[in-house]
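Everything below concerns the one structure shown next.
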Amino acid sequence: MRKLNLFFFSLLAALIVASAASAGMLIPNSQKAKDNARAPEKSPAISETVAGEWDLERVDFIHYAKPNNPGNQGNKPAGGDTCYKTLGVKWKSLPVSYVINSSNGDGLTESFVAGAISAAAETWDRETSAELFSDNYRLDTGAVYGVQNFENALAFGNYPDPNVIGVTSIWYTRQGKQLVEFDMLFNDSFLWGDATATSAPIFMDLENIAAHELGHAAGLDDIYSSNCSAVTMYGYSGEGEIEKRSLEPADIAGIQKLYGI
Ligand SMILES: [Ca+2]
Ligand SMILES: [Ca+2]
Ligand SMILES: [Zn+2]
């Protein structure tokens, strides 16, 4: 009898461990978006691969253009705490350094590209006392997107779907859920620049998109509720939009939940 009880206890314990493990798995909003069949409008986690001995998982966040429904200044929720979602993974080794490949097809100078990206990184950094993104980024025209090499690279390039604005790939340890790398791609199918340079919605604003993508790099998920369309982590953008350059209270609540006030 005692032995039998022990058996059932072990079985129960195993079940609890198993369900806890699956509950702890990283399922980004974007993947749920895929599941509810509204892809490709929403950003699905396209690939989840195992990087062998490193025991890393990869998730890609795909940012789609939706010109009729980009970030919208009008939709600012009263409470700042519901329009964010953490991924369940975070950096434990700070600060996060990165390397920018400024080569682009739009004639943007290296100083413009680096200025826009680092401004977006510091926008997140200002809201947490942790030194999250390093001030000392590197410039390297040899840096490539999408290679798991423990180098956090941001680069322009061609993505097969021209409606995709940008992609951020993250790698994290399956055990410990520790972010160890991100890479970011800005799709050359758009005309990149400074959207404030002209009143016409011509440019895809680099700082705007970089701010959103760096939110993924830090451990935040996409938000698709139209009530939350002012937040930096809102999942759609369009030409001329700069709403994501500035963080909303919900974005700030998210980054502070991860890295402290
Ligand atoms: Ca890399
Ligand atoms: Ca904003
Ligand atoms: Zn996103």
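With mature numbering (1 follows the signal peptide of the UniProt record, and there is no 0) as the guide, the letters of the sequence shown map in order to residues -23 to -1, 1 to 238.
Just so it is clear, CB atoms sit at the ideal spot from N, CA and C, and this is done for glycine as well.
Here the structure is a predicted model, which means the values were calculated and not measured.
Report all residues from its chain with a CB closer than 6 Å to the CB of residue i; omit the five preceding and five following residues, and keep chain order.
i, result
"serine 80", "Thr118"
"serine 166", "Pro139"
"glutamate 225", "Ala207 and Val208"
"tryptophan 68", "Leu156"
"arginine 222", "Glu184, Asn185 and Ala188"
"alanine 160", "What sits at residue 160 in the sequence shown is aspartate, not alanine. Here the set comprises Tyr122, Gly123, Ala130 and Ser146."
Classify residue i as buried or exposed, calling it buried when 16 or more other Cβ atoms lie within 10 Å of its own Cβ.
i, result
"residue 240", "In the structure displayed, the chain extends from -23 to 238; residue 240 sits before or after that span and is not available."
"alanine 177", "exposed"
"asparagine 78", "buried"
"valine 124", "exposed"
"glutamate 99", "exposed"
"arginine 103", "exposed"
"leucine 156", "buried"
"phenylalanine 127", "exposed"
"glycine 48", "buried"
"threonine 238", "Per the sequence presented here, residue 238 reads as isoleucine, with threonine not at that position. Isoleucine 238 comes out exposed."
"aspartate 199", "buried"
Let me check one thing: in DSSP terms, what residues is residue i bridge-paired to?
i, result
"tryptophan 148", "Arg35 and Glu158"
"tryptophan 68", "Leu156"
"threonine 175", "Looking at the DSSP assignment, threonine 175 forms no beta bridge with any residue, so it has no partner."
"isoleucine 142", "According to DSSP, which records beta bridges pairwise, isoleucine 142 is partnered with nothing at all."
"serine 214", "Ala42"
Residues in the same chain with beta-carbon distance under 7 Å from residue i, minus the five sequence neighbours each way, listed in chain order, please.
i, result
"tryptophan 169", "Asn81, Asp83, Leu85, Phe163, Phe180, Met181 and Leu183"
"threonine 173", "Ile219"
Whose C-beta lies closer than 8 Å to the C-beta of residue i among residues of the same chain, with five residues either side of it excluded?
i, result
"alanine -1", "Residue placement at alanine -1 is poorly supported in this model, since its pLDDT is 38, which falls under 50; the coordinates are not used for a value here."
"residue 242", "Here the chain covers residues -23 to 238 and nothing more, so residue 242 does not appear."
"isoleucine 142", "His40, Tyr41, Ala42, Phe163, Asn164, Phe167, Met181, Ile186 and Ser214"
For this session: Take every Cβ of the stretch 188 to 198, pair it with every Cβ of the stretch 210 to 225, and state whether three or more of those distances are shorter than 8 Å.
Result: Short answer: they touch.
For this session: Give a yes or no on contact between the stretch 102 to 115 and the stretch 142 to 158, applying the rule of three or more CB pairs nearer than 8 Å.
Result: Under the 8 Å Cβ criterion, the stretch 102 to 115 does not count as touching the stretch 142 to 158, having fewer than three qualifying pairs.
For this session: Count the CB pairs spanning the stretch 172 to 187 and the stretch 150 to 160 that are closer than 8 Å, and state whether there are at least three.
Result: Of all C-beta pairs linking the stretch 172 to 187 to the stretch 150 to 160, fewer than three are shorter than 8 Å, placing the two stretches out of contact.
For this session: Give a yes or no on contact between the stretch 65 to 72 and the stretch 85 to 97, applying the rule of three or more CB pairs nearer than 8 Å.
Result: Output reads no: the stretch 85 to 97 does not touch the stretch 65 to 72.
For this session: Any chance you could list the residues with Cβ under 5 Å from a heavy atom of ligand 3, keeping chain order?
Result: Every residue whose Cβ sits closer than 5 Å to any heavy atom of ligand 3 is listed here in chain order: Phe38, His40 and Asp199.
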